[in-house]
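Numbers 1 to 399, taken from our numbering, label the letters of the sequence shown in order.
Every residue gets a Cβ at the ideal spot worked out from N, C-alpha and C, and that includes glycine.
Below: one structure, written as structure tokens.
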Amino acid sequence: MSEDREERGQSTTIHAPTSPQVHNEFDAVPSKPLTQEPLSQGQLIWRNFKRHRLGMLGGIVIILLALSALFADFLGPYSYATRHNRLGYAPPTPIHFFRDGNLTWPFVFGIKHDKDPDTSADIFSEVQSQEYPIRLFVQGDSYSLLGIFSTNIHLFGTGEPEQSTGQLFLFGTDLWGRDLLSRTLIGGRVSLAIGPAVLIFSLFVGILLGGISGYYGRWVDMLIQRLIEVLQSFPALPLFLALAAVLPPSLPNSYRFWGIVLIFSLLGWTFQARVLRGQFLALREQEFTLAAKAMGSSDLRVIFRHLLPNAISFVIVSATLAIPSLIIAEATLSFLDLGIKEPMTSWGALLNGAQQWSVLMSRSWLMIPGIFIVVTVLAFNFLGDALRDAIDPYSSNRG
Numbered sequence: 001m002s003e004d005r006e007e008r009g010q011s012t013t014i015h016a017p018t019s020p021q022v023h024n025e026f027d028a029v030p031s032k033p034l035t036q037e038p039l040s041q042g043q044l045i046w047r048n049f050k051r052h053r054l055g056m057l058g059g060i061v062i063i064l065l066a067l068s069a070l071f072a073d074f075l076g077p078y079s080y081a082t083r084h085n086r087l088g089y090a091p092p093t094p095i096h097f098f099r100d101g102n103l104t105w106p107f108v109f110g111i112k113h114d115k116d117p118d119t120s121a122d123i124f125s126e127v128q129s130q131e132y133p134i135r136l137f138v139q140g141d142s143y144s145l146l147g148i149f150s151t152n153i154h155l156f157g158t159g160e161p162e163q164s165t166g167q168l169f170l171f172g173t174d175l176w177g178r179d180l181l182s183r184t185l186i187g188g189r190v191s192l193a194i195g196p197a198v199l200i201f202s203l204f205v206g207i208l209l210g211g212i213s214g215y216y217g218r219w220v221d222m223l224i225q226r227l228i229e230v231l232q233s234f235p236a237l238p239l240f241l242a243l244a245a246v247l248p249p250s251l252p253n254s255y256r257f258w259g260i261v262l263i264f265s266l267l268g269w270t271f272q273a274r275v276l277r278g279q280f281l282a283l284r285e286q287e288f289t290l291a292a293k294a295m296g297s298s299d300l301r302v303i304f305r306h307l308l309p310n311a312i313s314f315v316i317v318s319a320t321l322a323i324p325s326l327i328i329a330e331a332t333l334s335f336l337d338l339g340i341k342e343p344m345t346s347w348g349a350l351l352n353g354a355q356q357w358s359v360l361m362s363r364s365w366l367m368i369p370g371i372f373i374v375v376t377v378l379a380f381n382f383l384g385d386a387l388r389d390a391i392d393p394y395s396s397n398r399g
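Pasting the structure below:
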């Protein structure tokens, strides 16, 4: 028995020194937190937004369209007002990449314009004996880049004078021989700017009246809501047409643009006001709002410090979804010749030349600005849906 005790004692004394060594080895490794730091609201929205593929695509398309409109003078081969009198309604210019079966630098042939002796229809053909290479960073019509730098450098073109047959019209020309690509890029400035410009006015009025209506309630809420209902009872499009027709035809385009913005803002603020009112009605009974009131915070501080920051994300989503309807409304006015006037243009004004069915069938390239409208409207809808799904934690329609 004593021998057994000695054996157990020996085994204990043998293994005892190894235990502290193992413990110290694990202590040397820094412990990792079992839980991650909580994400902020902005980080959660961005994480959910990235999962929406169509929303990401819509955002990228909108950025590209905005950049192309901003640098339209540089990207377009001609000025939007430059006329080629002999090349009215010229079709898109074919670009050639092969010569005698061999790959070569892109070039175009000279353009020849004739009239059909029987129907007097325009006939455009290529003069294959005249080749004009497409050059990068060519000199052309002068313009002011971003309103700051005066230059005449364009991204691409043939660099030929207006009288030459070597012209490059990727989207064709209009009745006056003006390059449709250059005019489409320039027209994007008006069509893309109309939405944000209207929202500046409508959001200001909508946040002011909608916030007051939702925060105070009672007779103030009833009075503002009755005003909104009266304004929304008017049919929007006929009202826009009637008010736009009041604008003098000789009014400069800069004033005409802001006149259209004010016309759209007359009804645009009502939707924003109702969105914010609904949010304020829900937030004013929350604990953080009641606590701020109990601590003696003024109404303005409660509204701008506590309520508005929690509701602004929903206002941004509603504003994003309202932009497509504003773009279509401006295009409608310009299509009916009640919007932007010559020589300035917009996508709707460019479609004005395609009103007749015979013109549309024989000159289908005049509908290209309409494609830009459709793409832009879809992009804003995708973006708005993605923002709405990212902000709404109960949404299940994420891409």
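Would you grab the beta carbon distance between A236 and L267 for me? Rounded to a whole angstrom, and I think it's under 8 Å.
Here residue 236 refers to the residue found at position 236 when the sequence shown is read from its first residue. Here residue 267 refers to the residue found at position 267 when the sequence shown is read from its first residue. Yes, they are in contact, since the Cβ atoms of A236 and L267 sit about 6 Å apart, within 8 Å.
Of the residues M222, T173, F264, which one's Cα is nearest the Cα of A242?
Sequence index remark: in the sequence shown, residue 242 carries index 242 (1-based). Nearest C-alpha to A242: F264.
Close Cβ partners of L75 (< 7 Å) along its chain, the five nearest in sequence each way excluded
Walking along the sequence shown from the start, residue 75 turns up at place 75. Same-chain partners within the cutoff: S68, L155, L185.
Going by beta-carbon coordinates alone, are N310 and S334 separated by less than 8 Å?
Sequence index remark: in the sequence shown, residue 310 carries index 310 (1-based). Sequence index remark: in the sequence shown, residue 334 carries index 334 (1-based). Against a cut-off of 8 Å, the Cβ pair of S334 and N310 comes out as no contact.
Coil, strand or helix - I125 by DSSP:
Your numbering for residue 125 matches position 125 in the sequence shown. Correcting the residue identity first, residue 125 is Ser in this sequence and not Ile. Correct three-state label for S125: strand.
Grouping DSSP H, G and I as helix and E and B as strand, with all else coil, what is H96?
For the purposes of this step, residue 96 is taken as residue 96 along the sequence shown, with counting starting at 1. DSSP places H96 in strand when its eight states are reduced to three.
Distance between N381 and F49 (C-alpha atoms, nearest Å)
Looking up residue 49 in the sequence shown gives position 49. Looking up residue 381 in the sequence shown gives position 381. Using only the alpha carbons, I get a separation of about 14 Å.
Beta-carbon separation of G339 and A197 under 8 Å?
Your numbering for residue 339 matches position 339 in the sequence shown. Your numbering for residue 197 matches position 197 in the sequence shown. No, these two residues do not count as a Cβ contact at 8 Å.
Just how far apart, CA to CA, sit L192 and R363?
Along the sequence shown, read from residue 1 onward, the residue named residue 192 stands at position 192. Along the sequence shown, read from residue 1 onward, the residue named residue 363 stands at position 363. Near 26 Å, if we compare the C-alpha coordinates of R363 and L192.
Along the chain, where does the beta strand (DSSP E) that runs through V108 open and close?
Within the sequence shown, numbered from 1, the residue matching residue 108 stands at position 108. It spans 102-115 - the beta strand (DSSP E) in which V108 sits, taken as one unbroken run.
Which residues in the same chain have their Cβ closer than 7 Å to the Cβ of P92, if we skip the five residues on either side of it in sequence?
Translated into the one-based positions of the sequence shown, residue 92 becomes position 92. Closer than 7 Å at Cβ, skipping near neighbours: F169, L170, F171, G172, W365.
Of the choices I260, Y89, T151, whose alpha-carbon is the least far from that of A121?
In the sequence shown, the residue the question calls residue 121 occupies position 121. Selected option, being the one with the closest Cα: Y89.
Cut-off 7 Å between Cβ atoms - residues of its own chain near T165, not counting five sequence neighbours on either side:
As a working mapping, residue 165 is identified with position 165 in the sequence shown. Result list for T165: G110, I111, K112, V127, Q130, in chain order.
Secondary structure of G206, DSSP reduced to three states
Stepping through the sequence shown from its first residue, residue 206 is reached at position 206. Three-state DSSP puts G206 in a helix.
Considering only DSSP beta bridges, list what E131 is partnered with.
Along the sequence shown, read from residue 1 onward, the residue named residue 131 stands at position 131. According to DSSP, which records beta bridges pairwise, E131 is partnered with F109.
Does the Cβ-Cβ distance between Q272 and S318 come in under 8 Å?
Numbered from its first residue, the sequence shown carries residue 272 at position 272. Numbered from its first residue, the sequence shown carries residue 318 at position 318. Taking 8 Å as the Cβ cut-off, Q272 and S318 qualify as a contacting pair.
Nearest-angstrom Cα distance between D385 and P161?
Numbered from its first residue, the sequence shown carries residue 385 at position 385. Numbered from its first residue, the sequence shown carries residue 161 at position 161. If I take the Cα positions, the gap works out to 48 Å.
Hey, which unbroken runs of the alpha helix (DSSP H) at 4 residues or more fall wholly within the segment 211-241?
218-232
Helix or strand or just coil, what does DSSP make of Q139?
Working through the sequence shown from its first residue, we reach residue 139 at position 139. Here Q139 sits in strand by DSSP.
Please state whether DSSP places I63 in a helix, a strand or coil.
Locating residue 63 in the sequence shown gives position 63, where the first residue counts as 1. Of the three classes helix, strand and coil, the one that applies to I63 here is helix, per DSSP.
Specify the secondary structure class of L199 as computed by DSSP and reduced to three states.
Within the sequence shown, the letter at position 199 stands for residue 199. Helix, per DSSP.
Tell me which residue opens and which closes the alpha helix (DSSP H) that I373 is part of.
Residue numbering aside, residue 373 sits at position 373 when the sequence shown is read from its first letter. 368-391 is the extent of the alpha helix (DSSP H) around I373.
P402 and D179 look like a contact to me (Cβ under 8 Å); what is the Cβ gap, rounded to whole Å?
Only positions 1 to 399 of the chain appear in this structure, which leaves residue 402 out of reach.
Report yes if the C-beta distance between N85 and G177 is below 8 Å; otherwise report no.
Numbered from its first residue, the sequence shown carries residue 85 at position 85. Numbered from its first residue, the sequence shown carries residue 177 at position 177. Cβ atoms of N85 and G177: closer than 8 Å.
Secondary structure at S11, three-state DSSP: helix, strand or coil?
In the sequence shown, counting from the first residue as 1, residue 11 sits at position 11. Because the pLDDT at S11 is just 46, under 50, the model does not fix this residue reliably, and the point stays unresolved.
Compute the distance between the beta-carbons of L307 and R284, then report whether it is under 8 Å.
Counting from 1 along the sequence shown, the entry for residue 307 is found at position 307. Counting from 1 along the sequence shown, the entry for residue 284 is found at position 284. Yes, Cβ-Cβ distance for L307 and R284 is below 8 Å.
Ordered along the chain, which non-local residues of its own chain (more than five positions away) have a Cβ less than 6 Å from that of V205?
To locate residue 205, count along the sequence shown from 1; it is residue 205. Excluding positions up to five away in sequence, the list reads W269.
Please list the terminal residues of the continuous beta strand (DSSP E) segment that includes N152.
Walking along the sequence shown from the start, residue 152 turns up at place 152. Note, N152: beta strand (DSSP E), 149-157.
Sorted by chain position, which residues of the same chain lie with C-beta nearer than 6 Å to G58's C-beta, five sequence neighbours on each side aside?
Counting from one through the sequence shown, the residue named residue 58 turns up at place 58. If we look at G58 and ignore the five residues flanking it on each side, its Cβ neighbours are A379, F382, L383.
Using the DSSP secondary-structure output, state which residues sit across from D179 in a beta bridge.
The residue labelled residue 179 in the question sits at position 179 within the sequence shown. Answer is T173.
Classify S164 as helix, strand or coil using the three-state DSSP reduction.
Taking the first residue of the sequence shown as 1, we reach residue 164 at position 164. Coil.
Just to confirm the assignment: which complete alpha helix (DSSP H) runs, minimum length 4, are found wholly within the segment 264-314?
287-294
Nearest residue (CA-CA) to V190, options I224, A329, I228:
Walking along the sequence shown from the start, residue 190 turns up at place 190. Looking at the Cα atoms, A329 is the closest of the given residues.
Answer yes or no: do R274 and G211 have a C-beta to C-beta separation smaller than 8 Å?
On the sequence shown, residue 274 is found 274 positions in, with the first residue counted as 1. On the sequence shown, residue 211 is found 211 positions in, with the first residue counted as 1. Not in contact: R274 and G211 (Cβ atoms no closer than 8 Å).
Pick out whichever of D73, K341, T82 has its Cα sitting closest to the Cα of Q163.
On the sequence shown, residue 163 is found 163 positions in, with the first residue counted as 1. Among D73, K341, T82, the Cα nearest to that of Q163 belongs to T82.
Contact set for S150: own chain, Cβ-Cβ below 7 Å, skip 5 residues either direction:
Working through the sequence shown from its first residue, we reach residue 150 at position 150. Once the five neighbours on either side are set aside, the close Cβ partners of S150 are S142, S144.
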